[in-house]
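Worksheet: the structure to be examined is printed underneath.
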Amino acid sequence: MNLFNKVTDYQTARSVFFDNMTLLFGGFGGVGTPPGLIDCLIETGVKDVNLVGNDAGFPWIGIGKFICLERAASLIASHIGSNPVAGDLMNNGKLKVEFSPQGILVERIRSGGVGLNGFLTEISKGTQLEYNKPLVKIGDREYLYEAPILGDVSIVYAKKADTFGNLVFDKTARNTNPYVAMAGKVTVVEADEIVPMGELDPEEIIVPGIYVKYIVPSAGYNWKWIWEMPGKS
Amino acid sequence: MNLFNKVTDYQTARSVFFDNMTLLFGGFGGVGTPPGLIDCLIETGVKDVNLVGNDAGFPWIGIGKFICLERAASLIASHIGSNPVAGDLMNNGKLKVEFSPQGILVERIRSGGVGLNGFLTEISKGTQLEYNKPLVKIGDREYLYEAPILGDVSIVYAKKADTFGNLVFDKTARNTNPYVAMAGKVTVVEADEIVPMGELDPEEIIVPGIYVKYIVPSAGYNWKWIWEMPGKS
Amino acid sequence: MGDARQIIAKRAAREVKNGMVVNLGIGIPSLVPDFLDPSTQVFFQAENGILGMGPTPATDADGNLSNAAGYPVTTLPGASYFDSAVAFGMIRRGCIDISILGALQVNEKGDLANWIVPGKRVPGVGGAMELAYGAKNLIALMMHCEKDGQPKIVKSCSLPVTTYGCVKKIITDLAVFSIIGDNLYLDELMPGSSMEEVKVKTGAGFRIASTFKNND
Amino acid sequence: MGDARQIIAKRAAREVKNGMVVNLGIGIPSLVPDFLDPSTQVFFQAENGILGMGPTPATDADGNLSNAAGYPVTTLPGASYFDSAVAFGMIRRGCIDISILGALQVNEKGDLANWIVPGKRVPGVGGAMELAYGAKNLIALMMHCEKDGQPKIVKSCSLPVTTYGCVKKIITDLAVFSIIGDNLYLDELMPGSSMEEVKVKTGAGFRIASTFKNND
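Chains as they are written, first to last, in the numbering used here: chain A, 18 to 250; chain B, 18 to 250; chain C, 3 to 218; chain D, 3 to 218.
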């Protein structure tokens, strides 16, 4: 018996989501966002979710599908330009949006994921994106303090997983996924292919399985990209 | 003509070293420290070098060979236990040693390498390793500030490099090398194998070539490991 | 205006030199590769985790191989994939030789505004702040004026600023400006524009560069 | 003393349970795997960048595949290689179920001293501070006394502290202690030792655990 087998079904995965949770999602414009877990999240009926991820997806793609249901309380993201519904919800006061510079956001997730207590940067200093973040003076220079982010739950999309949760990604679908995987108190991975332990080359593994709680099989993207839709692009 | 070809010889590599430079070196107990570049460094005669790396190697292994020549002014490392000469030089006031927790040290190098301005942690707070690092209060907790580290020169050991400097490492010889590569103002890579651009799978590349200035061919380790020496281990 | 965008992109392509690492923003900047001499050897970087992007694939587009705008691309020999933290690490670290971004406003000191029109468009900042902070050279591309005729080159940005003092060059459908220190210099007039038109339609004072030329 | 080290390691092996992720320090902890039931499924992590270490290779040792002490190892199915930042990321993040470290002194509050003997040994701290900070369970292994008879379990550490309040269990050649809150509890006497001997040779007061047993 393999004690380290983390493969499960969507029924079990569903049980990790709860109202008011902080949910970290991998993906960049929906590329690398786990389609099966998004549907699974939608089916649970959970609400008042605090989302953290690169962007708001598109209304029919990635986290955008969930945002359109008005069950997210807040979103920390670098942009929402591809999801006008998110913009409307924000303007109507139905979704609290905190914008973060894109690379700073992934570093905040990483900082949580690697057990550090945040970092200092000059990026966004003096702009509206300072919000009420502390300023820290080191020597004669002043920096913005960026706090670490941890998720109650993280959802991740991988190309391959072994049963321990060692992960390999596909091209630009890697993006924020490795750090989202590290920063979840409970990390659930959707994988296109699940293989036995020992089948992945230790050298090719991007995320060691130690961070993963559950693995579910993927049926692949179930949406059309904007460039596949005549007239939209 | 390939504009991006960075392959050169040791004669050229030699010219990057200078007195008083800060030199970052990859490797962990000598594993992953570039043997040819260490000899090249020794041959230059440069002195008063400020070293930063995981440890002091062994007297006959890695950076230890250079340290034994008393041409290092200072060393930031996590331990010097495997190099008694370094301990003697420290005790005689001939080598200034700053100890850092091992993982914190590599994060300091990473912080420099990714263009951030340092980070906060509780590790080593209240111990002798605080040195005079600033304490930063965030909310009601106090953290130690760890400053970023950049090198005037970084030396790195890779298993494979393409001519652009895309790097692949070998097993536990990876260790600090990726971040040392990122944090050098001038990064020189010694590689066991040098291949044309296009021969590495974009997915297997650990360090993108953008960080690399020069690549030299390696003749492999030219020392014996302690476990190869009867009576020493 | 389609034509004006092409003209701006074409002029911007001349700033891209052999051997450079280049990051292109969405909008007009994404048109720049169409105007590069095919012999130009450059690495295109995208903040979603790729260095060494090639052209749009003729067939067999792969949803998992896209640029930062989400559109399919290909890779060239020497390309690498990496995660978002590595992508922005190289941006902040100064590894990008030239970043070409779209802009809403630029002021005479090189302050860039391109992420929000309060009450109207709130797209968010994406990677613009880091690109503006880290790139060795930042070029802003935009139409010279708003549709209603308001100048977009201004004395002081009325829109929230993305990054202060970062823009080195502005290319519009009417002119090319450089920003040196806190001063705006007119480098070139674009074909068909005149000094008078540029003076009227520019919301900030400028000097004439010693290398000034009229592209007409 | 060789025998005493084996006895300590053998007792420590009983703390390693099926399914755990384990990090072993140098010295006595490195002997622990010799005493594990071969059916035990654990992942050994090493801070030089490997998860899933197997035993020392019988032949064909590879200089580039070693543990944190630099000695050759092998890998088991499911193993991964990673860089030092990822290695310590998992340590600080609390992914290590049990960290077994050698110690110079431990006090009654669980403060660990294991990195420096001022004026004598100055090896440096290595990864001990992070392991002590992050591991879910930290066990210190050491001889009960110095060679000159001085106790190593003390009221207050005379040596510079590595990490405060981190040790959960101490295993020596004479006894096993737990630290709960600020109190030291005697859990077990090791074979051949007596309550009197332990009392005399321990530099801190302790209580007897409710689960106390004599391994004799």
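Idealized CB from N, CA, C, for every residue including glycine. Since the model is a prediction, treat every value here as computed from it, not as a measurement.
- DSSP, reduced to helix, strand and coil, places P35 of chain C within a helical segment of the structure shown.
- About 5 Å separates the Cβ atoms of A175 of chain B and A208 of chain B, confirming a contact at the 8 Å cut-off.
- In this structure, the beta-carbon distance from T174 of chain D to M131 of chain D does not fall below 7 Å.
- Of the candidates A:P165, A:I227, A:L184 and A:Y160, A:P165 places its Cα closest to the Cα of L122 of chain A.
- For the C-beta of I232 of chain A, not a single chain D residue is nearer than 8 Å; the gap to the nearest is close to 13 Å.
- At a C-beta separation below 9 Å, I155 of chain A has these neighbours in chain B: N134, G135, P151, V153, Y162 and A164.
- Exclusion of the five residues before and after K19 of chain D leaves no residue of its chain whose Cβ lies closer than 6 Å to its Cβ.
- Here D65 of chain B is near A90 of chain B, since their CB atoms are less than 7 Å apart.
- As for any alpha helix (DSSP H) of minimum length 4 sitting wholly inside the stretch 104-191 of chain A, the runs are 119-130, ordered along the chain.
- Taken in chain order, the whole beta strand (DSSP E) runs of length 3 or more contained in the stretch 79-156 of chain D are 100-104, 107-109 and 140-143.
- The Cβ atoms of G182 of chain B and V153 of chain B lie no closer than 7 Å to each other.
- For the stretch 62-80 of chain D, the set of positions with a beta-carbon nearer than 7 Å to some beta-carbon of chain A reads T77, P79 and G80 in chain order.
- If the five residues before and after S195 of chain D are omitted, its C-beta is found closer than 7 Å to the C-beta atoms of L176 and A177, all from its own chain and listed in chain order.
- Residues L184, P195 and A198 of the same chain have their beta carbon placed closer than 6 Å to that of V224 of chain B, with the five preceding and five following residues left out of the count.
- Taken atom to atom, the span from the alpha-carbon of L40 of chain A to that of G130 of chain A is near 14 Å.
- The closest CA to that of G98 of chain B, considering only D:E190, D:V119 and D:L114, is found on D:V119.
- Under DSSP, Y187 of chain D forms a beta bridge with D:S180 and D:R209.
- Contacts with chain D at 7 Å (Cβ-Cβ) include F181 of chain A.
- Pairwise C-beta distances place the stretch 21-35 of chain D out of contact with the stretch 152-164 of chain D, as fewer than three of them are shorter than 8 Å.
- Residues of chain B with a Cβ closer than 7 Å to the Cβ of V127 of chain D are, in chain order, S95, H96, F116, P118 and L146.
- Scanning chain C for C-beta atoms nearer than 8 Å to the C-beta of L41 of chain B yields nothing, as the closest lies near 14 Å away.
- Excluding sequence positions up to five before and after V169 of chain C, its CB lies within less than 7 Å of the CB of V108, G112, L114, L140, A142 and I181, all in the same chain and listed in chain order.
- The beta carbons of V34 of chain D and A14 of chain D sit closer together than 7 Å.
- Just so you know, the alpha carbons of I9 of chain C and E148 of chain C end up roughly 17 Å apart.
- Residues of the stretch 190-208 of chain B whose Cβ lies closer than 8 Å to any Cβ of chain A: none.
- Under the 7 Å criterion on CB atoms, M144 of chain D is classed as non-interfacial with respect to chain B.
- With respect to chain B, the C-beta atom of T29 of chain A has no partner C-beta closer than 7 Å.
- Non-local C-beta neighbours of F46 of chain D in its own chain, meaning closer than 6 Å and more than five positions away in sequence, comprise V24 and M55, ordered along the chain.
- With contacts defined by Cβ atoms closer than 7 Å, K138 of chain C and D99 of chain C form a contacting pair.
- If you check each beta-carbon in the stretch 234-246 of chain A against every beta-carbon of chain C, the ones closer than 7 Å belong to Y238, W242, I243 and W244.
- Counting of Cβ neighbours within 10 angstroms places P118 of chain B among the buried residues, the total reaching 16 or more.
- Between F42 of chain A and G70 of chain A, the C-beta spacing is below 7 Å.
- Rounded to whole angstroms, the Cβ separation of G51 of chain D and D85 of chain D is 6 Å, and the two are in contact under 8 Å.
- Inter-segment contact for the stretch 123-143 of chain A and the stretch 100-112 of chain A is absent: fewer than three beta-carbon pairs are separated by less than 8 Å.
- Residues of the stretch 56-80 of chain A whose Cβ lies closer than 8 Å to any Cβ of chain C, in chain order: N71 and D72.
- The shortest C-alpha to C-alpha distance from H146 of chain C to any of C:G96, C:E49, C:V200 and C:S160 is the one to C:V200.
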